[in-house]
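First residue of the sequence shown: 0, per numbering that gives the first Met the number 0; consecutive thereafter. All C-beta atoms, glycine included, are put in the ideal place defined by N, C-alpha and C. Please read these numbers as outputs of a predicted model, since none were measured by experiment.
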Amino acid sequence: MAKTVPPRPAVSLSPKIPFPARKVTRERAARELAILEQSYPNAVTALLYDSPFTLLIAVILSAQCTDARVNLTTPALFAAYPTPEALAAAKHVDVETLVKSCGFFRMKAKNIVNAARAIVELHGGRVPEDRAALESLPGVGRKTANVVLSVAFGEAEFAVDTHVFRVAHRLGLTLGKTPRAVEDDVVKLVPREKLRHAHHWLILHGRAICKAPVPLCAQCPVRILCPSAPLVELLLATRAKVRSASGPARRDASGAAVARRRRSP
Ligand code: SF4
0 MAKTVPPRPA VSLSPKIPFP ARKVTRERAA RELAILEQSY PNAVTALLYD
50 SPFTLLIAVI LSAQCTDARV NLTTPALFAA YPTPEALAAA KHVDVETLVK
100 SCGFFRMKAK NIVNAARAIV ELHGGRVPED RAALESLPGV GRKTANVVLS
150 VAFGEAEFAV DTHVFRVAHR LGLTLGKTPR AVEDDVVKLV PREKLRHAHH
200 WLILHGRAIC KAPVPLCAQC PVRILCPSAP LVELLLATRA KVRSASGPAR
250 RDASGAAVAR RRRSP
């Protein structure tokens, strides 16, 4: 009688890459950052804007949304409401229609109209240049305030978004569990005059090479210094071994490759 082989649990072929357990030395971090600076010498925000007000609105809309999508949305929005006064007088429902493609559009429409009202009523129609006032605006947290302060006003601030968080960890610049902790660590490593550019180095690197599911370490200019490179290599080797032992991989619901389950004969 044929022996029944119980099915094995599916093995994920795309497990998350663990972050390094230790920070790199200060000297090594400086070398990593210098390479990123050389790699992205003209790094600027990808968001289209022509004033602190339009930058603020674009950054609020960019939460959980790509910059490219925001850039498709804002021209019509700013054509309809070019100033804080115009947006402050808008009906939420009209703004919702214009920002619908950005996701969370009801909340975002409400936030940008209410932020415009606060700018008009409390700040004379000008986006405030200090952190406390910025962070008191609807829809504005520390990350958004840091982007506006550094990009629109040239302040030495460092904003941490999902790309910056990931790349800073992979490079061993931080062990911080929160965006604020990552910000505090990186701020200590970057000369003050370069701080407002450092955010863009890490974002561009995260988008182009140090991607979330699988970083392209073979193309990475920082590879030789990066403590994650051996981890990624090990992961890819393990994945290849599982795949060759299991035959062609199937995809799970999220699209990640999973090993075949052994079937009962
Ligand atoms: S070597 Fe790999 S993990 Fe490290 S920064 Fe480059 S792409 Fe990211």
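Could you name the residues of the same chain whose beta carbon sits closer than 8 Å to that of residue i, not counting the 5 residues immediately before and after it, in chain order?
i: V189; result: L32, F157 and A197
i: V23; result: E31, L170, G171, L172, L224 and P226
i: R191; result: A155
Taking the C-alpha atoms as reference points, what is the distance between residue i and residue j?
i: V181; j: L71; result: 31 Å
i: K187; j: T96; result: 43 Å
i: I208; j: E120; result: 44 Å
i: L148; j: A131; result: 11 Å
i: V139; j: L60; result: 10 Å
i: T73; j: D184; result: 34 Å
i: A67; j: L201; result: 18 Å
i: D129; j: H122; result: 11 Å
i: L230; j: H204; result: 18 Å
i: M106; j: T53; result: 18 Å
i: G102; j: A29; result: 38 Å
i: A236; j: N41; result: 36 Å
i: L215; j: R27; result: 21 Å
i: G124; j: A45; result: 25 Å
i: A78; j: S245; result: 56 Å
i: A228; j: L234; result: 10 Å
i: L47; j: A211; result: 25 Å
i: D49; j: Q37; result: 27 Å
i: R21; j: S243; result: 32 Å
Whose C-alpha, out of the options, is nearest the C-alpha of residue i?
i: R179; options: L54, V163, C225 and L170; result: V163
i: V94; options: L121, I56 and Q63; result: I56
i: P83; options: N110, C101, D160 and V150; result: N110
i: E232; options: R105, A217, R242 and I118; result: A217
i: A151; options: L35, V43 and T24; result: V43
i: C64; options: P40, F104 and L172; result: F104
i: G136; options: F77, A236, A117 and R242; result: It is Leu, not Gly, that sits at residue 136 in the sequence shown. The residue with the shortest Cα to Cα distance from L136 is A117.
i: R25; options: L170, L234 and K176; result: L170
i: S100; options: V112, L76 and A114; result: L76
Classify residue i as helix, strand or coil using the three-state DSSP reduction.
i: V58; result: helix
i: K240; result: helix
i: L230; result: helix
i: R149; result: As written in the sequence, residue 149 is Ser, which differs from the Arg given in the question. Reduced to three states, the DSSP call for S149 is helix.
i: V181; result: helix
i: I16; result: coil
i: C225; result: coil
i: S245; result: helix
i: Q63; result: coil
i: G205; result: helix
i: L136; result: coil
i: A9; result: For A9, the predicted structure reports a pLDDT of 39, less than 50, and the residue's modelled location is therefore unreliable. A value from the coordinates is still provided. Coil.
i: T44; result: coil
i: A114; result: helix
i: H216; result: Here the sequence assigns Cys to residue 216, which means His is not the residue at that position. Looking at C216 - three-state DSSP - the assignment turns out to be helix.
i: V98; result: helix
i: R21; result: coil
Might you give, ordered along the chain, the residues of its own chain that have their beta carbon closer than 6 Å to the beta carbon of residue i, omitting 5 neighbours on each side?
i: F18; result: H168
i: V58; result: T143 and V146
i: G175; result: V181 and D184
i: C219; result: I208
Can the beta-carbon of residue i be found closer than 8 Å to that of residue j?
i: P108; j: V98; result: For the record, residue 108 in the displayed sequence is Ala; it is not Pro. Yes, these two residues count as a Cβ contact at 8 Å.
i: Y39; j: H199; result: yes
i: V166; j: P51; result: no
i: E134; j: R195; result: no
i: V221; j: L35; result: yes
i: L86; j: A62; result: no
i: V112; j: H91; result: yes
Grab me the residues of residue i's own chain with a C-beta within less than 7 Å of its C-beta, minus the 5 sequence neighbours each way, in chain order.
i: K142; result: A158, V159, D160 and P178
i: K15; result: none
i: R206; result: H162
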